[in-house]
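A.B. asks: Structure below; questions to follow.
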Amino acid sequence: DAKTTQPTSMDCAEGRAANLPCNHSTISGNEYVYWYRQIHSQGPQYIIHGLKNNETNEMASLIITEDRKSSTLILPHATLRDTAVYYCIVRVAMTYNTDKLIFGTGTRLQVFP
Amino acid sequence: GAGVSQSPSNKVTEKGKDVELRCDPISGHTALYWYRQSLGQGLEFLIYFQGNSAPDKSGLPSDRFSAERTGGSVSTLTIQRTQQEDSAVYLCASSLVGTGTYEQYFGPGTRLTVT
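These protein sequence lines are chains A and B, in that order.
Here the first sequence is numbered in my numbering, starting from 6 and rising by one per residue.
Here the second sequence is numbered in my numbering, starting from 72 and rising by one per residue.
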């Protein structure tokens, strides 16, 4: 399974864009990049996922480099409620026999006023 | 609609006792997952169900841990003869199917404390 590397922590001013990087240099061609976040004392929450094209939804944008070895999650206008641990996950091959998310240590994002 | 629910939300038990943790997935979700998160740590996969079958039990840490799912819905995680190192938050997730790119929806977790 591909391993991901993320900074331990980041700060962002409220209203500014938060750009969270992730390295996944050993990713395989059929593996997707997923982002989840975990707000304190809650279960993880799905944010976005992508294969090779950039993706955008109501929560965030995902930029994946052309070689797919790294990606960036962008929260365009961070709010205090975006303070959480953000996990970048390369999803294990999805077959009937196995389907799981392998979480690393994530990036602790602190949004300040 | 209703999300994934788990019960109890908190459980304190004495070392050596058995505990049962319950998960109610989102209605219609065929895939169900158990994870655990020890204090200050990331999430650790335990077991994956597709319907009532568990094709991947690779994350269960010992034979004291078992899980079942009945009727393709509710799942129970049982820990026998609990140890202090079992203290953690146990999280359940479900998804529409266990293949493809469907995201997993997580419940709020059960905080287990073994004294």
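Virtual Cβ for every residue (Gly too), placed ideally from N, Cα, C.
Which residue comes first and which comes last in the beta strand (DSSP E) that contains residue 134(B)?
C.D. replies: Segment: none, residue 134(B) is in no beta strand (DSSP E) and carries neither H nor E.
A.B. asks: Can you look up residue 91(B) in the DSSP assignment and give me helix, strand or coil?
C.D. replies: Residue 91(B): strand per DSSP, three-state reduction.
A.B. asks: Output, in sequence order along the chain, the residues in the segment 107 to 118 of chain B whose CB is closer than 7 Å to any CB in chain A.
C.D. replies: Against chain A - using a Cβ distance shorter than 7 Å - the residues of the segment 107 to 118 of chain B are 113, 114, 116.
A.B. asks: Pairs of beta-carbons, one from the segment 79 to 89 of chain B and one from the segment 57 to 77 of chain A, closer than 8 Å: are there three or more?
C.D. replies: Verdict: no, contact absent.
A.B. asks: For my contact list, residue 101(B) and residue 130(B) are in at a C-beta cut-off of 8 Å; report their separation, rounded to the angstrom.
C.D. replies: That belief does not hold up - the Cβ atoms of residue 101(B) and residue 130(B) are roughly 19 Å apart, past 8 Å.
A.B. asks: Identify the contact partners of residue 51(A) in chain B, using a Cβ-Cβ distance below 8 Å as the criterion.
C.D. replies: What residue 51(A) touches in chain B: 174, 175, 176.
A.B. asks: Determine the direct distance from the alpha carbon of residue 36(A) to that of residue 168(B), and round the result to whole angstroms.
C.D. replies: Rounded to the nearest angstrom, the two C-alpha atoms are 17 Å apart.
A.B. asks: Short check: CB of residue 79(B) to CB of residue 181(B), under 9 Å?
C.D. replies: Cβ atoms of residue 79(B) and residue 181(B): closer than 9 Å.
A.B. asks: For the beta strand (DSSP E) containing residue 115(A), name the first residue and the last one.
C.D. replies: Element bounds for residue 115(A): 112 to 117.
A.B. asks: My parser needs the beta strand (DSSP E) runs of 3 or more residues fully inside the segment 42 to 74 of chain A; what are they?
C.D. replies: Segments of the beta strand (DSSP E) lying fully in the segment 42 to 74 of chain A: 50 to 55, 66 to 69.
A.B. asks: My output table needs one value for residue 156(B): the three-state DSSP class, helix, strand or coil.
C.D. replies: Reduced to three states, the DSSP call for residue 156(B) is helix.
A.B. asks: Does any residue of chain A have a CB that is nearer than 9 Å to the CB of residue 127(B)?
C.D. replies: It does; some Cβ of chain A falls within 9 Å.
A.B. asks: Residue 116(A) and residue 69(A): beta carbons closer than 9 Å?
C.D. replies: Not in contact: residue 116(A) and residue 69(A) (Cβ atoms no closer than 9 Å).
A.B. asks: With a cut-off of 8 Å, do at least 3 Cβ pairs link the segment 14 to 29 of chain A to the segment 144 to 160 of chain B?
C.D. replies: Contact between the segment 14 to 29 of chain A and the segment 144 to 160 of chain B is absent, because fewer than three Cβ pairs lie under 8 Å.
A.B. asks: What is the DSSP secondary structure of residue 86(A), reduced to helix, strand or coil?
C.D. replies: Reduced to three states, the DSSP call for residue 86(A) is helix.
A.B. asks: Can you tell me whether residue 119(A) is buried or exposed, with buried defined as 16 or more other CB within 10 angstroms of its CB?
C.D. replies: Residue 119(A) is absent from the structure shown; chain A starts at 6 and stops at 118.
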